[in-house]
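Written out below as structure tokens is the structure these notes cover.
In the working numbering, the protein residues as written are 429 to 894.
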């Protein structure tokens, strides 16, 4: 068997007994071995393969194979290679300039390895470069870029410095993830960019004015930087935004009313800033959070943006008292509004009830007062509701029990009184997690009261009355 053109062993366990005949194949055009060979066998296999005199291999995929060697120099002789993926191995060493000289290479994915050193210049025909989660460092080359590049993921490395202006020459670039590095300064204009992820870097100063030219943005993540100042009114001009993450910076002042011009917005995260004033009214303008049904209802969503589903990436979100990473397609199937850890005052506006698509509403750790909105039970999609650490008073609305998807509720450290509504979702597990309501609580069911009393015993300063 010396003329086989495609060899595909995706997810086939450990093929420890690869035959000698297969090892001698030199006419392969496609080789895909995912979770296939033990380290010793695959190393021998690659060495023999690379010694072939052919140049016909166009696709080499060796993901999840526990490779622990450096990238072999001979790989640069695979001049017909179009796709090279070595995801989730333990490959060390540098990215060899010779690989970047492969003129036919269009897709290079080296995510989840132990590569170090600087990123070399890119192959001129490359379409996608993904080197996330390595140990790459240094600055990007001054002439960094490729005219056909659409996807660039350099996240979770140790790269530092300015983003070179040459990147603006990549007119086809639509996805850029530089998160979890040490970038700073300004970004050049990239008007066709759809996804821009810059979280956990060293960007500082006012909200970046250069973002005004990024008119096609669907997702923007600037969280965990050192940005300060007020949020600009022109933020409402980024009309295509569906995801806006500005959490854990030092923004202050009011939330601009113009933010409600972002009618397609599905995720708004302003948590962990110094924002003050009241929550904007006219929240019903955020129709991206209103005009759709919960996915579990089986109804079609009103909005579908195929562009944003082309790219897969992780987003950290606090849901149900945990910071978890969600895949982008999961986030776009739920709506999130997180304004926690700020200095917001006033009442919770009744307009918030119109956001029927919200899955997570977090207003905790503010200075909000007044009552829980009377019709909160109309927010049928809610799975997580956190109003803790405010000055909210009054009784809990009876229709709170209508939130049939609710699995996490925190109303602790407020001034609530009255009865806890009974319902399928408002069971003892919620009270067990967050029993301290900071007020007088009346239980409709004496047995329910005794259960809760047994749970909290004398550790909580809560007054229970029947």
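The beta carbon of each residue, even a glycine, is placed where N, CA and C say it ideally should be.
Just so you know, these numbers come straight off a predicted model, no measurement behind them.
Endpoints, beta strand (DSSP E) assigned at residue 623: Counting along the chain, the unbroken beta strand (DSSP E) around residue 623 starts and ends at 623 to 625.
Status (buried if at least 16 other CB within 10 Å, exposed otherwise) for residue 693: buried
DSSP bridge partner residues for residue 764 (one or two, in chain order): 695, 788
Separation of residue 716 from residue 841, as counted between CA atoms: 31 Å
Under the three-state DSSP convention, the category residue 810 falls into: coil
Burial state of residue 475 (16 or more Cβ within 10 Å): exposed
Rounded straight-line distance, which links the Cα of residue 820 to that of residue 851: 22 Å
Where the alpha helix (DSSP H) through residue 927 begins and ends: Outside the displayed span of the chain (429 to 894) sits residue 927, for which this structure offers no information.
Start-to-end residues for the beta strand (DSSP E) that takes in residue 573: No beta strand (DSSP E) contains residue 573, which DSSP labels as neither H nor E.
Where residue 590 falls: helix, strand or coil (DSSP): coil
Status (buried if at least 16 other CB within 10 Å, exposed otherwise) for residue 673: buried
Where residue 491 sits in the DSSP three-state scheme: coil
Close-in-space but distant-in-sequence residues of the same chain around residue 527 (CB under 7 Å, 5 per side omitted): 499, 503, 504
Environment of residue 489 [buried if 16+ CB atoms lie within 10 Å]: With 16 or more other Cβ atoms within 10 Å, it is buried.
Residue range of the unbroken beta strand (DSSP E) whose run includes residue 680: 678 to 681
Within-9 Å CB hit, residue 535 to chain B: The structure shown contains no chain B; it is built from a single protein chain.
Boundaries (first-last residue) of the beta strand (DSSP E) holding residue 673: For residue 673, the uninterrupted beta strand (DSSP E) segment begins and ends at 671 to 673.
Euclidean distance between Cα positions of residue 768 and residue 536: 39 Å
Paired residues, beta bridge with residue 564 - DSSP: 545
Own chain partners of residue 782 with C-beta closer than 8 Å, once the 5 adjacent residues on each side are dropped: Same-chain partners within the cutoff: 711, 712, 718.
Spatial distance of residue 813 from residue 834 (CA atoms): 8 Å
Where residue 811 falls, given that 16 or more other Cβ within 10 Å makes a residue buried: buried
Burial state of residue 667 (16 or more Cβ within 10 Å): exposed
Nearest to residue 520 (by Cα), restricted to the options 635, 507, 562, 785: 562
Sheet register partners of residue 823 (DSSP bridge): Partner(s): 845.
Pick from 785, 599, 792 that is closest to residue 622, judged by C-alpha positions: 599
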